[in-house]
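See below for the structure under consideration.
Numbering (my numbering), first residue to last: 42 to 331.
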């Protein structure tokens, strides 16, 4: 079978028009590739090209990301993201899906899988369990009122902030390379081309909503999140980069909340985007698991 590349589609969730790309092969079992925060669906292209030979690959843009609409009220809380994900699965009409998700996308997909365990066949989660216990404790120590006030100030500042404009696509590309030194030139250029759009004055800006720079001050309570983790029944693979800021759940105790005995693999010489940093090993591990 020849893969010609993805086609753009959209669906409606809470009055927002959200974008996804479909890699074809509709007779194959469905597989959703969910990107993370301030990323976009085309960052999966290398993975999708490989998996589309055996799977019907769908890669959505989260609300406020890529070519999806921005939330008018800046609502980027977990419940909104999870609703969108559930709405995508519902719209596609699949009884069961396989999921590969990264970072924020992994957190969203974990919530969905705990809510609807019968709907997920297998789940690969790349550094997507949210904040580490240590970071959560530090945030809680700051006090509820202090965090609430800080959030209000940051949101107010975000409302008046104009998205950063780069004079050329090359300047945006340089910023992409600066952000992740593991990326090859080809990867960084591809991510930049699909992650930025041209403004009316000829400058370039990232597609994601600037409100995404201000995360909700109150996350889903830890005991609620662990309740959902404990409800996941499908086989699950958790992947972590040894050079990433993300905390490995095998080392920080979060793995104990799961009842489905997830497998954890840590990649050497890889950061948070390990599926880019160690692509060949990533594909080998994912293929073996799926």
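Even for Gly, the Cβ is constructed at its ideal location relative to N, Cα and C.
task = Measure the beta-carbon distance from residue 314 to residue 221 and round it to whole angstroms, keeping in mind my assumption that it falls under 8 Å.
result = Yes, residue 314 and residue 221 are in contact; Cβ-Cβ is about 6 Å, under 8 Å.
query = To the nearest angstrom, how far is it from the Cα of residue 110 to the Cα of residue 202?
reply = Counting only the Cα atoms, residue 202 lies some 19 Å from residue 110.
task = Quick one: which unbroken alpha helix (DSSP H) runs of 4-plus residues sit fully inside the stretch 89 to 147? Chain order, please.
result = Whole alpha helix (DSSP H) segments, 4+ residues: 119 to 133.
task = Measure the alpha-carbon distance for residue 99 versus residue 243 and round it to whole angstroms.
result = Cα atoms of residue 99 and residue 243: separation of roughly 32 Å, rounded to the nearest angstrom.
ask   = Which value, in whole angstroms, describes the spacing of the CA atoms of residue 139 and residue 71?
value = Here the alpha carbon of residue 139 sits roughly 6 Å from the alpha carbon of residue 71.
task = Using alpha carbons as the reference points, say which of 147, 276, 118 and 319 lies closest to residue 257.
result = With distances taken between Cα atoms, residue 257 lies closest to 118.
ask   = Are at least three pairs of beta-carbons, each pair with one atom in the stretch 78 to 92 and one in the stretch 206 to 223, less than 8 Å apart?
value = In this structure the stretch 78 to 92 does not lie against the stretch 206 to 223, because fewer than three pairs of beta carbons, one per stretch, are closer than 8 Å.
ask   = Would residue 269 pass as a contact of residue 129 if the rule is Cβ separation under 9 Å?
value = No, the pair does not count as a contact, with Cβ atoms beyond the cut-off.
query = By Cβ distance below 8 Å, which residues in the same chain neighbour residue 271 in space, the five residues on each side in sequence not counted?
reply = Within the same chain, residue 271 has close Cβ partners 155, 298, 299 and 300.
task = Identify whether residue 296 lies in helix, strand or coil by the three-state DSSP scheme.
result = In the structure shown, residue 296 sits in a helix (DSSP, three-state: H, G or I).
request  = Within the stretch 260 to 304, note down every full beta strand (DSSP E) run reaching 3 residues or more, in order along the chain.
outcome  = With a minimum length of 3 residues, the continuous beta strand (DSSP E) runs that stay inside the stretch 260 to 304 are 277 to 282.
task = Would you mind working out which of 218, 168 and 317 sits nearest residue 151, comparing C-alpha positions?
result = Nearest of 218, 168 and 317 to residue 151, Cα basis: 168.
query = Shortest alpha-carbon distance to residue 236 belongs to which of 280, 133 and 207?
reply = Nearest of 280, 133 and 207 to residue 236, Cα basis: 207.
request  = Return helix, strand or coil for residue 158, following the three-state DSSP convention.
outcome  = Residue 158 falls in the helix class under three-state DSSP.
key: C-alpha distance - residue 196 paired with residue 94, whole-angstrom precision   = Distance between residue 196 and residue 94, taken at the CA atoms: about 44 Å.
query = Secondary structure at residue 173, three-state DSSP: helix, strand or coil?
reply = Residue 173 sits in coil when the DSSP states are folded into three classes, being neither helix nor strand.
Residue 42, DSSP secondary structure in three states = Any reading at residue 42 needs caution, since the residue's pLDDT is 49, under 50, leaving its predicted position unreliable; the model's value is listed next. DSSP, read as helix, strand or coil, puts residue 42 in coil.
message = When you compare the CB of residue 312 with every CB in chain B, is at least one pair closer than 9 Å?
response = The chain inventory of the structure shown lacks chain B, comprising one protein chain alone.
task = Tell whether a beta-carbon distance below 9 Å holds between residue 204 and residue 293.
result = Not in contact: residue 204 and residue 293 (Cβ atoms no closer than 9 Å).
key: For residue 197: DSSP bridge partner residues   = Bridge partners of residue 197: none, in fact.
ask   = If you compare alpha carbons, which of 215, 120, 106 and 288 is closest to residue 266?
value = Cα-wise, what sits closest to residue 266 is 120.
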